[in-house]
Amino acid sequence: MLDHLEQLLVADDIGTIWNMHCAQMANYGFDRLIYGFTRFSATQNLTSLEDMLILSNHHPDYLQSFLAVGTFSEAPMVKWAVGSVGACSWRVVAERAAAGLLTEAEKKVLELNRRFNVQAGYSIGFADTSARAKGAIGLCAKPGLDQDAVDAIWDQHGRDLRVLNTVMHMKMSALPFSTTRRPLTARQREVLEWVGDGKTSADIAQILGLNIATVEKHLRLAREALEVETTAQALLKASMQKQLFITSPGQH
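Counting in my numbering, the sequence shown tops out at residue 890, every number present.
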């Protein structure tokens with residue numbers, strides 16, 4: 639495991655890290671994984687998939703259905719991971735189903751999982767330094783392993799699995815990544831950076847040789863692109879997504 643961690647720590651791109659991690663998890667019997675991370679999530683709510691890094695080696699047909707609107711957000715273990723830190727056996731879903739506690743939407747997700755043999759596994763919700771950031775991973779056991787076998791694997795190797803997944807997440811969350819959301823234009827980034835520098839719209843108009851209405855237009859378009867209501871939220875979200883970097887006064 640130490641050799642793997644050493645290689646992981648020096649890897650510098652998401653694809654390499656992900657391929658290494660998938661291979662390592664397969665050694666423990668988890669042959670299908672789905673990992674999600676966002677730098678801008680609403681507390682206790684799922685962020686838009688457009689703002690997330692999603693990585694998976696599940697079958698494309700499964701992912702197309704699982705990540706569809708109204709499915710991903712209703713998956714019982716996704717709901718658990720959003721508000722939790724630590725590891726959780728998928729046994730809790732079977733127990734909730736047996737007790738008649740699943741919603742109709744959750745039952746549909748379980749039926750999808752059964753069709754693609756996504757039956758047994760573990761989920762991990764990661765702790766992050768930012769209250770806005772959230773990462774989690776679902777580890778799906780290979781066909782032939784039931785939840786009893788998975789829980790036995792966790793009893794024996796749970797500490798190693800938590801460490802391996804946490805280090806992977808720490809590496810992933812430190813790297814820049816692109817989302818499907820339309821990026822800010824150069825001018826939108828520029829006016830937001832000046833706002834972050836403490837300048838008013840009038841100040842920015844004078845600095846850039848624009849009129850105030852044009853500055854306000856760029857700020858409005860930036861808010862729309864980022865799907866936020868206020869310029870302060872736009873500044874925070876763009877910074878977290880690494881679309882801009884706030885500088886100190888005098889560094890422009």
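Idealized CB from N, CA, C, for every residue including glycine. The model shown is predicted, which means the values in this text are computed figures rather than measured ones.
Distance from the Cα of residue 781 is smallest, within the candidate group 850, 670, 663 and 731, for 670. For residue 832, same chain residues with a beta-carbon under 6 Å away, outside a window of 5 residues either side, are 842 in chain order. Bridge partners of residue 762 according to DSSP: 725 and 775. If the five residues before and after residue 714 are omitted, its C-beta is found closer than 6 Å to the C-beta atoms of 731 and 744, all from its own chain and listed in chain order. Here residue 864 is not near residue 870, since their CB atoms are 7 Å or more apart. Membership of residue 676 in the beta strand (DSSP E) is indicated by the continuous run 668–676. For the 7 Å CB-CB criterion, residue 725 and residue 758 do not form a contact. According to DSSP, residue 694 shares a beta bridge with 672. Counting of Cβ neighbours within 10 angstroms places residue 643 among the exposed residues, the total staying below 16. About 6 Å separates the beta carbon of residue 646 from that of residue 655, a gap short enough to meet the 8 Å contact definition. As for any alpha helix (DSSP H) of minimum length 4 sitting wholly inside the stretch 799–836, the runs are 824–834, ordered along the chain.
Residue 715 sits in a helix when the DSSP states are folded into three classes. Setting aside the 5 residues that flank it on each side, residue 784 is surrounded in the same chain by 758, each with a C-beta closer than 6 Å to its C-beta; the list follows chain order.
Shown here, residue 651 sits in coil according to DSSP, grouped into three states, outside any helix or strand. Within its own chain, the residues whose Cβ lies closer than 7 Å to the Cβ of residue 666, once the five positions on either side in sequence are excluded, are 791, 795 and 799, listed in chain order.
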